[in-house]
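Counting in numbering that gives the first Met the number 0, the sequence shown runs without a single skipped number right up to 335 at its last residue. In this text, a Cβ means the ideal position worked out from N, Cα and C, and glycines have one as well. These figures come from a predicted structure and were not determined experimentally. Okay, so here's the structure we're looking at.
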Amino acid sequence: MTDTQIRILDARTTGELLPFGALVATLRQAFAEGCVVPVRHHHTIANSGEPDATLLLMPAWHETHRSERYLGIKIVTVFPGNTVRGIPGLTSTYMLYDGRTGMQLALLDGNTITTRRTVAASALAADYLARKDAHRLLVIGAGRVASLIPDAYRAVRPIAHVDIWDIDPASAERLAQSLRQRGLQATAVTDLEAAVRQADIVSAATLATAPLIRGAWLRPGTHVDLIGGFTPAMREADDEALRRSSVYIDTHEALHEAGDLVQPIRAGVISADAVRATLDELCRRDVPARTCNDEITLYKAVGTALADLAAATMVYEAVLIAGSCLWAEGEATGRR
């Protein structure tokens with residue numbers, strides 16, 4: 000890391016340098032290796048006449064034993080009042096530094112880092128938890144994160160058909176059409192129960208506050224992936240889904256931040272001890288994953304700065320390997 004020129008990478012470039020096959024492999028190594036991840040910082044920003052805003056700071060850095068050390072921090076602003084302004088309510092930026100000297104190396108699009116590492120981490124978990132022959136995927140949701148789920152899962156499983164359900168059927172159809180244009184067999188569905196009953200993998204990326212996935216609908220061998228709920232008030236699966244499943248999480252923070260766990264634990268439906276393993280334990284193979292084809296597995300993620308750092312490092316090192324051509328192209332087009 001002797002090159003001290005600061006790279007400024009926009010969303011397009013950041014995304015192009017995070018192909019899912021390579022990103023899943025990078026995350027597998029990162030979770031197995033570990034890094035320092037302090038508790039994320041939450042700050043409330045008062046806004047007169049509109050909802051309070053939030054500032055989130057998510058730092059992480061490599062420990063001293065690593066030969067190439069990086070330090071990174073994701074800065075996220077959430078301004079709900081932007082809805083009436085017609086502009087996005089969430090803005091995210093990622094800053095990457097040399098872990099030995101503290102010198103700034105790159106400024107990356109944080110939204111792209113977040114969305115791609117999120118679905119890649121779920122695909123990584125599924126590589127341990129979903130049946131090897133799982134080929135029918137149900138995506139619940141049709142937003143930015145949901146739209147990337149099929150591509151991420153195709154990096155780890157032979158996905159042959161994708162069903163999409165969304166509270167807005169038109170959004171589900173638009174996503175299905177987009178997937179078909181890219182050569183995937185995709186269908187927008189309106190009967191959620193029937194779609195869950197047919198799926199090998201159910202992946203939800205919504206903002207639901209009441210369960211969408213019913214445990215009674217899950218057939219033996221299904222893998223459930225809960226991406227969307229990230230506060231104690233949010234739920235994507237009901238209590239029965241938790242009861243019937245072997246439960247895994249990305250980090251221990253999920254026990255305190257995810258309503259899909261907080262609520263059933265609080266109600267005595269399951270205990271925290273019911274969680275079999277975290278993603279880093281799976282990647283280190285410290286614990287067994289799926290044990291048989293009839294087992295129902297459930298993975299709940301709330302996100303971690305470890306994955307952000309791994310993705311940002313992957314982008315930065317790809318830029319260095321690509322050489323000056325990529326950088327010169329960005330300068331010539333004004334797209335850095």
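Closer than 6 Å by C-beta to residue i: which residues in its own chain qualify, once you throw out the five before and the five after it? Chain order, please.
i: Arg-19; result: The question names Arg, but residue 19 is Phe in the sequence shown. Only Ala-119, Asp-150, Ala-151, Ala-154 meet the Cβ criterion.
i: Ala-257; result: Gly-228, Lys-299, Val-301
i: Thr-12; result: none
i: Leu-16; result: Val-314, Ala-317
i: Arg-127; result: A small correction: the amino acid at residue 127 is Tyr; Arg does not occupy that position in the sequence shown. Within the same chain, Tyr-127 has close Cβ partners Leu-281, Ala-288.
i: His-160; result: Arg-135, Gln-184
i: Ile-5; result: Gln-103
i: Arg-115; result: Leu-17
i: Ala-204; result: Gly-140, Val-144, Ala-145, Ile-226, Gly-227
With a threshold of 7 Å on Cβ separation, who are the neighbours of residue i within its own chain once the five nearest residues in sequence on each side are excluded?
i: Leu-56; result: Arg-39, His-40, Ile-72, Ile-74
i: Val-286; result: Arg-275, Ala-276, Glu-280
i: Ser-47; result: none
i: Ala-133; result: Arg-156, Asp-199, Ile-200, His-222
i: Pro-219; result: Asp-293, Ile-295
Whose C-beta lies closer than 8 Å to the C-beta of residue i among residues of the same chain, with five residues either side of it excluded?
i: Gly-333; result: Annotation note: pLDDT 36 at Gly-333 (below 50); position unreliable, coordinate value reported separately. Answer for Gly-333: no residue qualifies.
i: Ile-264; result: Leu-254, Ser-270, Ala-271
i: Leu-174; result: Val-138, Ala-141, Ala-145, Ser-146, Ile-163, Asp-165, Ala-185, Ala-187
Taking the alpha helix (DSSP H) that residue i falls in, what are its first and last residues?
i: Gly-14; result: 10 to 15
i: Val-318; result: 304 to 321
i: Ala-209; result: Element bounds for Ala-209: n/a, residue is neither H nor E.
i: Arg-39; result: First-last for Arg-39: undefined, no H or E at that position.
i: Val-23; result: 19 to 32
i: Val-195; result: 191 to 197
Start and end of the beta strand (DSSP E) containing residue i?
i: Ala-187; result: 185 to 187
i: Ala-203; result: 200 to 203
Report the residue from the options whose alpha carbon sits nearest the alpha carbon of residue i.
i: Val-201; options: Tyr-93, Phe-30, Ala-129, Thr-113; result: Ala-129
i: Gly-142; options: Ile-166, His-134, Arg-135; result: Ile-166
i: Tyr-96; options: Thr-53, Pro-87, Gln-28, Leu-308; result: Leu-308
i: Ile-158; options: Trp-164, Gly-182, Val-144; result: Gly-182
i: Leu-8; options: Leu-106, Leu-305, Ala-273; result: Leu-106
i: Ser-245; options: Gly-80, Arg-284, Cys-291, Ile-148; result: Cys-291
i: Thr-63; options: Thr-100, Thr-92, Gly-80; result: Thr-100
i: Ala-29; options: Leu-305, Ile-320, Ala-321, Ala-311; result: Leu-305
i: Leu-297; options: Leu-319, Arg-283, Asp-237; result: Asp-237
i: Gly-14; options: Thr-43, Ala-311, Leu-278; result: Ala-311
i: Glu-49; options: Thr-25, Val-77, Asn-110, Val-261; result: Val-77
Is any non-hydrogen atom of the ligand FAD found closer than 6 Å to the C-beta of residue i, if you look at the structure I gave you?
i: Ala-52; result: In the structure on display, the ligand FAD does not appear, and there are no ligands present to speak of.
- Message: Taking contact to mean 3 or more Cβ pairs, one atom from each stretch, closer than 8 Å, check whether the segment 202 to 214 and the segment 247 to 255 are in contact.
- Response: no
- Task: Say whether the segment 169 to 184 touches the segment 231 to 251, bearing in mind that this needs 3 or more beta-carbon pairs closer than 8 Å, one atom from each stretch.
- Result: no
- Query: Where are the beta strand (DSSP E) runs, 3 residues long or more, that stay fully inside the segment 215 to 295, in chain order?
  - Reply: 222 to 225, 245 to 248, 274 to 277
- What residue ranges within the segment 41 to 112 form continuous alpha helix (DSSP H) runs of no fewer than 4 residues, ordered along the chain? none
- Cβ contact check for the segment 189 to 196 and the segment 262 to 269: 3 or more pairs under 8 Å: no
- Three or more beta-carbon pairs under 8 Å between the segment 60 to 70 and the segment 30 to 39, yes or no? Contact between the segment 60 to 70 and the segment 30 to 39 is present: three or more C-beta pairs spanning the two stretches fall below 8 Å.
- Task: Please specify which runs of the beta strand (DSSP E), each continuous and at least 3 residues long, are wholly inside the segment 115 to 167, giving them in chain order.
- Result: 135 to 139, 160 to 164
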